[in-house]
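A.B. asks: Dropping the structure in here first, questions after.
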Amino acid sequence: MTDSQSELPTAVSAGSAPRRRLFLIDGFSNIFRAFYAIRNLSNSRGEPTNAIFGFLQILRKLLRDEQPELIGVALDVSRKTVRSEKFEAYKAHRPPMPEDLRPQIPWIRKILEAYHIPILELPNYEADDVLGTLATRAAEEGYEVVLVSADKDLMQLVAPRISLFHTGRSKVYDPAGVEEDFGVPPAEVTDVLALAGDTSDNVPGVPGIGQKGAVQLIREYGSLEALLDAAGEIKRKSYREGLEQNRDLAELSKELVTIHRDLPIPFEPDKLHRDPPDDAALRDIFAELEFHSLVEELEAAAQKERPTVAAAEATTAEAWQKAATALSGEVCAFLVGTDEPLALVA
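First residue of the sequence shown: 58, per the working numbering; consecutive thereafter.
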């Protein structure tokens, strides 16, 4: 993974006006990307650490450059979801999680806990649905939301107050950017995905209509529903027959690719607030994983803070001493030199 691929562009934080921003990270999208981008990284015990390290690089850069006050990481709970119940073949062909990745997930959870970053998940739903619900509700309350993911499907969520930082392309998408790259505005992304299908998720789509054809049709008709109603008018025979014979398949595909935005989870800013990290816990985790450079970085930061704390304490003591001298009297001098609490005397 190169630096340019993992960097957040300055466009995310551009502007001088203070803004209430919420960063929502698509956990497994970035974990899988890190796993396949960095190979053959392990500690002296032979335990794989590539996904942990790669995910950490993305996370730490975001925290350092953006300093988000509100943040959360959405994770999938299980492979069984409302979509797989609706369509048994949905994602059924995907192989199990790689054996080298599986033991790294608990470490990533520990790291998120040490950073005091909330983990967001809901049984029977995908992380995308959690992201979609929280992003929509936060935007409705005036927050600017940044989705951090390598999944193009999240383009459907982009709106005036919701942007997507695509970690695979190192690019921030606003509504205009989605239309420029994807060919249609965010509101029509699901229509294109439904027509073209998605082999990686086993979304069937309409046979004979690929991505390019899907974009052309949706740009002309505006929505999947309008296109299906006008299927008999389409001049190209393969498109016309595909739509007429596979209306149910097209509608099912749209249902599968549409991200839920109304899950029974509230948007609670206080629970997404990022508290200072537990540096001691992080240091122990990094040492166990043998991320020596990160351990040294934490220790250097701690050393840098110690003189500042000592100077602050010295300044406070000096100020108290000056006040005591100005007031004069042995009682004031005694108070400066004691650790005992003061008591009111009637």
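Backbone N, C-alpha and C define an ideal beta-carbon position, used for all residues, glycine too. It should be emphasised that the depicted structure is a prediction, and the values quoted were computed from it without experimental measurement.
Pull up the distance between the alpha-carbon of L339 and that of A171, whole angstroms please.
C.D. replies: C-alpha separation (whole angstroms): 6 Å.
A.B. asks: R76 by DSSP, collapsed to three states: which one?
C.D. replies: Coil.
A.B. asks: On the DSSP bridge assignment, give the partners of S344 in chain order.
C.D. replies: Looking at the sequence itself, residue 344 is Ala, so the reference to Ser does not match. Answer is none; A344 lacks a bridge partner.
A.B. asks: Could you please give the first and the last residue of the uninterrupted beta strand (DSSP E) stretch that includes S206?
C.D. replies: Element bounds for S206: E201 to S206.
A.B. asks: Please go through the region 151 to 217 and give each complete alpha helix (DSSP H) segment of 4 or more residues, from N-terminal end onward.
C.D. replies: The qualifying runs are 162 to 171 and 184 to 197.
A.B. asks: Opposite H223 in the DSSP bridges: which residues?
C.D. replies: According to DSSP, H223 bridges with S206 and K228.
A.B. asks: DSSP on T59, reduced to helix/strand/coil?
C.D. replies: Reliability of the predicted coordinates at T59 is poor, the pLDDT of 36 falling under 50, and the value obtained from them is presented with this limitation in mind. T59: coil per DSSP, three-state reduction.
A.B. asks: Any idea if R77 is buried or exposed, counting beta-carbon neighbours within 10 angstroms, 16 or more meaning buried?
C.D. replies: When all chains shown are included, R77 counts as exposed.
A.B. asks: Once DSSP output is grouped into helix, strand and coil, what is the label at A244?
C.D. replies: Looking at A244 - three-state DSSP - the assignment turns out to be helix.
A.B. asks: From M212 to I316, what does the alpha carbon distance come to, in whole angstroms?
C.D. replies: M212 and I316: Cα-Cα distance of roughly 10 Å.
A.B. asks: So is K311 buried or exposed if we call it buried at 16+ other beta carbons inside 10 Å?
C.D. replies: Counting Cβ neighbours within 10 Å, K311 comes out buried, since at least 16 surround it.
A.B. asks: Using the Cα positions of P242 and V352, report the straight-line distance between them to the nearest angstrom.
C.D. replies: In a straight line, the C-alpha of P242 is about 45 Å away from that of V352.
A.B. asks: Identify the residues that DSSP records as bridge partners of I128: which are they?
C.D. replies: Bridge partners of I128: F80.
A.B. asks: On the three-state DSSP scale, how would you describe D255?
C.D. replies: D255 falls in the strand class under three-state DSSP.
A.B. asks: Looking only at its own chain, which residues have a Cβ that is under 6 Å from the Cβ of I82, when we skip the five neighbours before and after it?
C.D. replies: Around I82: V130 and V205.
A.B. asks: Let me make sure I understand the geometry here. Which of E362, F343 and K361 has the alpha-carbon closest to that of L113?
C.D. replies: Checked all of E362, F343 and K361; the closest Cα to L113 is F343.
A.B. asks: Figure out for me which residue from I275, H223 and G267 has the closest Cα to the Cα of D248.
C.D. replies: Per the Cα distances, I275.
A.B. asks: With a threshold of 7 Å on Cβ separation, who are the neighbours of A251 within its own chain once the five nearest residues in sequence on each side are excluded?
C.D. replies: For A251, where only same-chain residues beyond five positions count, the Cβ hits under 7 Å are G262, L281, A307, S310, K311 and V314.
A.B. asks: Sort H223, E142 and Q161 by Cα distance to S86 and report the nearest one.
C.D. replies: The residue with the shortest Cα to Cα distance from S86 is H223.
A.B. asks: State the Cα-Cα distance for the pair P321 and E123, rounded to the nearest angstrom.
C.D. replies: The straight-line gap from Cα to Cα measures roughly 29 Å.
A.B. asks: Are the region 139 to 156 and the region 194 to 205 in contact at 8 Å, needing three or more beta carbon pairs?
C.D. replies: No: the two stretches stay apart, fewer than three of their Cβ pairs being nearer than 8 Å.
A.B. asks: Let me know if T106 comes out buried or exposed under the rule of 16 or more other beta-carbons within 10 Å of its beta-carbon.
C.D. replies: Looking at its Cβ environment, which holds 16 or more other Cβ atoms inside 10 Å, T106 is buried.
A.B. asks: In terms of residues, what are the limits of the alpha helix (DSSP H) holding S280?
C.D. replies: Note, S280: premise wrong, no alpha helix (DSSP H); not H, not E.
A.B. asks: For the pair the region 154 to 171 and the region 85 to 104, tell me if three or more CB-CB distances fall below 8 Å.
C.D. replies: A contact exists between the region 154 to 171 and the region 85 to 104.
A.B. asks: Taking the alpha helix (DSSP H) that Y296 belongs to, which residues open and close that run?
C.D. replies: Element bounds for Y296: K294 to Q302.
A.B. asks: Please report the straight-line C-alpha distance between D335 and S99, rounded to a whole angstrom.
C.D. replies: Roughly 24 Å between the two C-alpha positions.
A.B. asks: Counting C-beta neighbours from all protein chains within 10 Å, is the total for P153 16 or more, i.e. buried, or is it exposed?
C.D. replies: Classification for P153: exposed.
A.B. asks: Output yes or no for whether 8 Å exceeds the beta carbon distance between Y296 and G270.
C.D. replies: Closer than 8 Å, so yes.
A.B. asks: Determine the contact status of L132 and E178, defining contact as a CB-CB distance below 8 Å.
C.D. replies: Against a cut-off of 8 Å, the Cβ pair of E178 and L132 comes out as a contact.
A.B. asks: Spatial neighbours of R304 within its chain, please: CB distance less than 7 Å, with the 5 preceding and 5 following residues excluded, ordered by chain position.
C.D. replies: Within the same chain, R304 has close Cβ partners L285.
A.B. asks: Return yes when the Cβ of V272 is within less than 8 Å of the Cβ of G240, no when it is not.
C.D. replies: Contact flag set, yes.
A.B. asks: L221 to E245, Cα distance in whole Å?
C.D. replies: Distance between the alpha carbons of L221 and E245 is about 16 Å.
A.B. asks: Apply the 10 Å Cβ neighbour rule to T372 and answer buried if 16 or more other Cβ atoms are within range, or exposed otherwise.
C.D. replies: Caution is warranted here: a pLDDT of 49 is assigned to T372, below 50, making its placement in the model unreliable, and the coordinate value is therefore given only provisionally. Exposed, since its Cβ has fewer than 16 Cβ neighbours within 10 Å.
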